[in-house]
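Residue numbers for the sequence shown follow UniProt numbering, beginning at 1 and rising by one. Remarks on the structure that follows.
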Amino acid sequence: MSVVILGSGQLAKMLAEAGNEIGISSTFVVKHGVSADPVGGLGEVHRHDSDDQAQACLDSLPNVTAVTVETENTASSLLSLLSESFPVRPNTACVVACQNREHERQLLDQLNIPTAPHAVAREHSALTSVVEQIGFPLVLKTLSEGYDGKGQWVVESAKEWESLDQSTLTLPLLVEKKIDFIREISLIGVRSPEGEIRFYPPAENIHIGGILIASFAPAANLSNTILQQAETNLTKLMEHLDYQGVMAMECFQTADGLLVNELAPRVHNSGHWTMDSDVTSQFENHMRAITGKPLGITQTQKHTLMLNILGEIPAGLSAAPEPFSLYDYRKSARPGRKVGHLNLQYSDSKSLVSALHTLAKVWPNEFVQTLITQIKD
């Protein structure tokens, strides 16, 4: 079996590595000028400057089982073109629905899946009335190209709004109520071509500046009511879209239940913990689902912490201290960029704190120290 991955970042890397373990080879189709360092040695890299060139790349490959993406920001025109000749999984409609925040909200509204109150302002003349309709505090979001906190502005009060230079805002914008949430959780599911759906335990996520820093899985003290709501909502989405592969749903947990914040039609950062648990990783299960192989196990009682490494991998982490596992994405250093992650399996809070103390000796990271303090308290 052979899968074509559109992209060459860390998600493409981990998909290809997982595929290799189960006899699925990978080829990467990548735009000129985009680094392919993360996927070096994992398969052929074909470059293109246009949709037609990408199509020609695929036409030259024998026996393509499926085409998949590592980001929802893959051009819809390319996906539509390729889907005429190859099985694109998840299908083009799934990916396109998640490229635009307005379309995503429309999909969720259509399926009666709760989200934060929202409206779209298309012109500056309507912006103030939309802001008044939603009320403060609120979040302004671009409709596309938003990830890792990009394209978002929090406005806490009318005073902040009045002091904001509105002429600098590029419309249209999604105007959304800022939610007072208990915590952020994500649910990852995988659906086979036959419609079988399996869920991983939800993870509790910690973001700083809109960037995911840590995930704890399974999320602690999650009620059956919340779990059922999450699984019901993701089932609705996957069945409605005739989804194939792994899908992630990020949510705010509030006193009244879950509000869906974001969807990802792909493997997701908050699922990287699956690489070191006793489950089939999200990467392997995605490759299984899109090629028609039986799905692997997704449930576990073991506890895993995932920590993202931003900017560059510190010298002290060149070899991760026991009992951590280090994943280096082979990406160049850049402030705020995800360049790797650490996974840790732990049995209880005592063993978690002990491991974090060990980590802090080689990685004097402020967030690690904060985690230690919070867990002790």
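Ideal Cβ positions, reconstructed from N, Cα and C, are used throughout, including at glycine. Owing to the predicted nature of the structure, the values given are computational and were not obtained by experimental measurement.
Test item: CB-CB of residue i and residue j under 8 Å
i      : j      : result
Glu70  : Leu15  : yes
Val246 : Gln282 : yes
Val130 : Ala119 : yes
Asp341 : Asn365 : Looking at the sequence shown, residue 341 is not Asp but His. Result no, Cβ atoms of His341 and Asn365 do not sit closer than 8 Å.
Leu164 : Lys141 : no
Pro265 : Pro87  : no
Arg330 : Asp37  : yes
Gln253 : Ile185 : yes
Leu344 : Pro323 : yes
Asp276 : Ser325 : yes
Lys338 : Gln10  : yes
Val39  : Ala18  : no
Tyr200 : Cys94  : no
Residue i Cβ short of 7 Å to the ligand GDP heavy atom set
i      : result
Glu160 : Looking for the ligand GDP in the displayed structure turns up nothing, as the structure carries no ligands at all.
Rounded Cβ spacing between residue i and residue j (contact assumed at less than 8 Å)
i      : j      : result
Met249 : Leu187 : 5 Å
Leu227 : Pro202 : 7 Å
Glu284 : Glu104 : Not confirmed; about 27 Å, so no contact.
Leu317 : Trp363 : 6 Å
Ser270 : Leu212 : 6 Å
Thr274 : Arg198 : Between Arg198 and Thr274 the Cβ distance is about 12 Å, and since that is not below 8 Å, they are no contact.
Alpha-carbon to alpha-carbon, residue j and residue i
i           : j      : result
Ala97       : His240 : 12 Å
Leu42       : Leu58  : 17 Å
Gln374      : Gly336 : 24 Å
Asp256      : Ser76  : 36 Å
Leu81       : Thr68  : 13 Å
Pro137      : Val260 : 18 Å
Leu352      : Pro321 : 13 Å
Gly209      : Ala219 : 21 Å
Thr27       : Ser332 : 22 Å
Lys376      : Gln369 : 11 Å
Val279      : Asp328 : 21 Å
Trp153      : Glu160 : 11 Å
Ile113      : Ala319 : 44 Å
Gln106      : Asn100 : 10 Å
Ile5        : Tyr147 : 20 Å
Ser167      : His124 : 8 Å
residue 433 : His32  : As shown, the chain starts at 1 and ends at 377. That puts residue 433 outside it, with no answer to give.
Val190      : Glu162 : 45 Å
Thr358      : Gly151 : 36 Å
His272      : Val30  : 23 Å
Val139      : Pro172 : 14 Å
Thr170      : Asp49  : 28 Å
Ala217      : Leu61  : 39 Å
Sheet register partners of residue i (DSSP bridge)
i      : result
Ile113 : Per DSSP, none; premise fails for Ile113.
Gly19  : Answer by DSSP bridge pairing: none, since Gly19 is not bridged.
Asn205 : Glu184 and Ser215
Ile5   : Phe28 and Thr68
Val155 : Leu138
Ile297 : Ile297 is not bridged to any residue.
Cβ shell of residue i (< 8 Å), same chain only, five flanking positions each side left out
i           : result
Ala214      : Asn205, Ile206, Leu305, Met306, Leu307, Asn308, Phe367 and Leu371
Ala158      : Phe136
Glu44       : Thr27 and Phe28
Glu156      : Phe136, Pro137 and Lys178
Glu196      : Leu295
Ile134      : Pro117, His118, Ala119, Val175, Glu176 and Lys177
Ser85       : Gln55, Leu58 and Asp59
Ser25       : Met1, Ser2, Val3, Gly19 and Gly43
Asp180      : Thr254
residue 386 : Limits of the chain in this structure are 1 at one end and 377 at the other, which puts residue 386 out of reach.
Glu231      : Leu187, Gly189 and Phe199
Glu102      : Val120, Leu143, Pro172 and Leu174
Neighbourhood of residue i by C-beta distance below 7 Å, restricted to the same chain and skipping five residues each side
i      : result
Thr65  : Met1, Ser2, Val3 and Thr291
Leu111 : Lys236, Leu237 and His240
Ile313 : Asp328, Val339 and Gly340
Ala56  : none
Asn73  : Gln99 and Glu145
Glu262 : Glu250
Val34  : Ser8
Leu222 : Pro202
Beta-carbon contacts of residue i that lie in its chain and below 6 Å, excluding the five residues immediately before and after
i      : result
His303 : Tyr346
Ser192 : Ala289 and Leu295
Leu127 : Ala121
Asp51  : Ser77, Leu78 and Leu81
Val267 : Leu11, Val246, Gln282, Phe283 and His286
Lys293 : none
CB contact below 8 Å: residue i versus chain D
i     : result
Thr27 : In summary, chain D is missing from the structure at hand, where a single protein chain is found.
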